[in-house]
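Here the protein sequences come in this chain order: L and D. Per this note's numbering, the very first residue in the first sequence carries number 273; after that it's consecutive. Per this note's numbering, the very first residue in the second sequence carries number 0; after that it's consecutive. Below you'll find the structure, written out as structure tokens, and then a few comments.
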Amino acid sequence: MDHFEDGARLLAPLRDVDPDLRSGVDVTRAVKTGRRRRRSRLVVAAVGVVAVLGLSALVAPGLVSGLRENPPATGLADPTLFDMRSFPLQVGTAGGYKPLMYSVMRVKASVSLVRTDGRPGTGEVSMYPRTRFQPDPAAAGFPAAQPPIEGRRVFWMPGEATPTLVMEYGTDRWVQVTIEDDQPDLRNRVYHVAESVAFTSADVQLPFTISPTEAGLPSNLLEIQNTVPLSPPETSVVKLSFEPLGRTPQVTITATPQAPSITTNEVINGHAAAVSPGEIILRDVEGYSFKLHVDTPLEDFGADRLKALAATIDLVPGGWTNAPVR
Amino acid sequence: MDYVTTVTQPVALLGLSPGRRGWAVRATDEEQYTEYVTARLPTLRRIAYLLCGDSHRADDIVQNAITRLYIHWARAKAADNIDAYVRTIVVRTFLNEQRTGWLSRVRLVRETPDQPIPAGPDVETTEVLHAALARVPPKQRAVLVLRFLYDLPVADVAGILGCSSGNVKSQTSHGLAALRKHLGEHNLSLLGGR
Chain L
273 MDHFEDGARL LAPLRDVDPD LRSGVDVTRA VKTGRRRRRS RLVVAAVGVV AVLGLSALVA
333 PGLVSGLREN PPATGLADPT LFDMRSFPLQ VGTAGGYKPL MYSVMRVKAS VSLVRTDGRP
393 GTGEVSMYPR TRFQPDPAAA GFPAAQPPIE GRRVFWMPGE ATPTLVMEYG TDRWVQVTIE
453 DDQPDLRNRV YHVAESVAFT SADVQLPFTI SPTEAGLPSN LLEIQNTVPL SPPETSVVKL
513 SFEPLGRTPQ VTITATPQAP SITTNEVING HAAAVSPGEI ILRDVEGYSF KLHVDTPLED
573 FGADRLKALA ATIDLVPGGW TNAPVR
Chain D
0 MDYVTTVTQP VALLGLSPGR RGWAVRATDE EQYTEYVTAR LPTLRRIAYL LCGDSHRADD
60 IVQNAITRLY IHWARAKAAD NIDAYVRTIV VRTFLNEQRT GWLSRVRLVR ETPDQPIPAG
120 PDVETTEVLH AALARVPPKQ RAVLVLRFLY DLPVADVAGI LGCSSGNVKS QTSHGLAALR
180 KHLGEHNLSL LGGR
């Protein structure tokens, strides 16, 4: 009997299997979440376009017509971008939601929210530099939210599937607050979340450093995430990009004190590791586990490169750093 | 072109409608998406269930997959075979969830109370088989489901998984061996697998 006949006969009883008839899948929620992710992707894409244009102008100004004679220092050297060593805002527990994870990129800092009662429903507070997100509520006639929050102008974004509030911060930043949930009175909840935003920075905290350069893989630091509570965070994430201006390939490095139950098959830099396509998990590096995940097919990045990168991970002796890339 | 860039300018550069409406799929597209997904939901839930062996997790996988489908709806619509395109998203979402699950598994869909399972010898056999399949490594499991329950040729499975046909063949062989091992002699003989 060949493989096909053998397999087909063995698995035949499962041909009639169906899941529970009562579906928990929510198409409306997929649309809402898809809209939000699409929006985020386009903001990132927009930044890429701006960066390319900025670089083109720096390298070959003659190729781009119609530029100002002395353009302001935006683009790659934009001083309003986030330095990624700290989270520029903090969010309290309000409106039935609490912060779950903080994230900072050059062009966006955000706090993801979950419901305090543990039920489905999420939210996000995001801060953007004005050079990257510049709504003009007054000109567009956005309805103002009342009253202003600590003297800041706040507006409701029209045409959104979920209540979305934007709040001006200083002269060069905007904050956006949104919640996706089926709870009643979402506008009030969004407003309360906005009231809980504190514009005090908190250092990012990473228990490790990594050196793409030592691995022969120059890269850009894309994003840092810390779970709540921030001091110290249980889980820390560093995302690296290996193309100067592109989105791929990317590698996500996650550190956590959790010990996953995995079978290791290699040793990397003296640590037991589970190496599988596109992913390496280092188990028990002085109490931490690390996961390195390639956000692209492994063949585009190469298992050896990922191993070389994993081998450069060092714990910060007895503490934390806000600069994870050596 | 001004150097100081608002969000709407690069969006326009990308060929999309300027302003906030450019960030969403157009209304007519959205209706087509909703209609398509609603009609295919049982099919998508079934393949996810066969892959992961758990109704709740299957719903999570489908929820993630249809969200990705929304983002890529324009490309999906233009595909030669939209059902195959969507099936690929579901399988890859499952594999991705397997890779990231130990850190980031989050319930995305509402819990529904467990339904009592009807008793009977056939049900028991199926349960045993499904449980054994769930212990087969994820990629091998995906190969077995696609080849033997969806009758897809090796080349199509290779396309879905983004690997070579040779790799699919070896994963099939390893997967069947793993399934036999997890079933054990007794169950294997009940299933006529020896």
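Even glycine gets a Cβ: it sits at the ideal position worked out from N, Cα and C.
Go ahead and label L293/L buried or exposed: buried means 16 or more other beta carbons lie within 10 angstroms of its beta carbon, across all protein chains shown. That one is exposed.
Smallest Cα separation from R67/D: which of V363/L, L512/L, R309/L, A366/L? Comparing Cα-Cα distances from R67/D to each of V363/L, L512/L, R309/L, A366/L, the minimum goes to R309/L.
7 Å is my cut-off, CB to CB: does T394/L come that close to chain D? no
K563/L, DSSP secondary structure in three states: Here K563/L sits in strand by DSSP.
Considering only the beta carbon of each residue, do I451/L and R459/L sit closer than 7 Å? The beta carbons of I451/L and R459/L sit no closer together than 7 Å.
At 8 Å on the CB atoms, spell out the chain L contacts of T37/D, in chain order. Here the neighbours are V299.
Short CB-CB distance (under 7 Å) between A332/L and chain D: Because A332/L sits at a pLDDT of 33, beneath the cut-off of 50, its placement in the model cannot be relied upon, and the point is left open.
Specify, as a first and last residue, the run of the beta strand (DSSP E) that N537/L falls within. Careful: N537/L lies outside any beta strand (DSSP E) and carries neither H nor E.
Per DSSP, cross-strand counterpart(s) of N492/L: For N492/L, which the question treats as bridged, DSSP gives the partners S513/L.
7 Å Cβ cutoff, G591/L in contact with chain D: No - not a single Cβ of chain D is within 7 Å of the one on G591/L.
So is A302/L buried or exposed if we call it buried at 16+ other beta carbons inside 10 Å? A302/L comes out buried.
Flag Y69/D as yes if its beta-carbon sits less than 7 Å from any beta-carbon of chain L, otherwise no. yes
Helix, strand or coil at A38/D according to DSSP, with G and I counted as helix: In this structure, A38/D counts as helix in the three-state DSSP scheme.
Answer with yes or no whether the minimum CB distance from T535/L to chain D is below 7 Å. no
Measuring straight from C-alpha to C-alpha, what distance separates N75/D and I88/D? The sequence shown places Ala at residue 75/D, rather than the Asn named in the question. Using only the alpha carbons, I get a separation of about 10 Å.
Per DSSP, what kind of secondary structure is N166/D in: helix, strand or coil? helix
contact_flag[the segment 384-396 of chain L, the segment 438-445 of chain L] where n(CB pairs < 8 Å) is 3 or more: Inter-segment contact for the segment 384-396 of chain L and the segment 438-445 of chain L is absent: fewer than three beta-carbon pairs are separated by less than 8 Å.
Continuous alpha helix (DSSP H) stretch holding W446/L: start and end: Where W446/L is concerned, there is no enclosing alpha helix (DSSP H), although the beta strand (DSSP E) it sits in stretches over 445-452.
If you measure between the beta carbons of L94/D and L283/L, is that distance less than 7 Å? no
Using only CA atoms, which one of R357/L, R555/L, P291/L, G296/L lies nearest to D53/D? Of the residues R357/L, R555/L, P291/L, G296/L, the one whose Cα lies closest to the Cα of D53/D is P291/L.
Can you have a look at S398/L and say buried or exposed, based on whether 16 or more other CB atoms are within 10 angstroms of its CB? Answer is buried; the Cβ neighbour count reaches 16.
Using 8 Å for Cβ pairs, my map puts D531/L next to R555/L. What's the rounded Cβ distance? Residue 531/L is actually Ala in this sequence, not Asp. With 8 Å as the limit, A531/L and R555/L qualify as a contact, their Cβ atoms being about 7 Å apart.
N-terminal and C-terminal residue of the alpha helix (DSSP H) that S54/D is part of: 54-70
Which residues in chain D have a C-beta closer than 7 Å to the C-beta of G368/L? List them in chain order. Result: empty, since nearest Cβ-Cβ is about 17 Å, beyond 7 Å.
Say whether the segment 462-478 of chain L touches the segment 559-567 of chain L, bearing in mind that this needs 3 or more beta-carbon pairs closer than 8 Å, one atom from each stretch. When Cβ pairs closer than 8 Å are counted between the two stretches, the segment 462-478 of chain L is seen not to touch the segment 559-567 of chain L, the count staying below three.
Under 7 Å between C-beta atoms of E558/L and V547/L: no
P285/L burial status per 10 Å Cβ neighbour count (16 or more: buried): buried
Got a sec: is the Cβ-Cβ distance from R310/L to anything in chain D below 7 Å? Taking 7 Å as the threshold, the shortest C-beta distance from R310/L to chain D falls below it.
Among K138/D, D58/D, N63/D, Y48/D, which residue has its Cα nearest to the Cα of R287/L? Y48/D
Residues near G119/D in its chain [Cβ-Cβ closer than 6 Å; skip 5 each side]: Reliability fails at G119/D, whose pLDDT of 42 lies under 50, so the model's placement of it is uncertain and the value that follows must be treated cautiously. Setting aside the 5 residues that flank it on each side, G119/D has no residue in the same chain whose C-beta is closer than 6 Å to its C-beta.
Assuming K370/L is part of the beta strand (DSSP E), what are its boundary residues? 369-377
According to DSSP, is D113/D part of a helix, a strand, or is it coil? In this predicted model, D113/D has a pLDDT of only 40, less than 50, meaning its place in the structure is not dependable; the value taken from the coordinates is given anyway. It is coil, neither helix nor strand.
When you measure from the CB of G368/L to every non-hydrogen atom of the ligand FMN, does any distance come out below 6 Å? Among the ligands in the structure shown, none appear at all, so the ligand FMN cannot be discussed.
Return the Cβ separation of A582/L and I540/L in integer angstroms, given the expectation that the two are a contact with Cβ distance under 8 Å. 5 Å
Could you work out which residues of chain D lie near D576/L, taking near to mean beta carbons separated by less than 9 Å? Per Cβ cutoff of 9 Å: no residues; D576/L is ~18 Å from chain D at best.
Option nearest Y374/L by Cα separation, candidates V500/L, P401/L, R357/L, V449/L: V500/L
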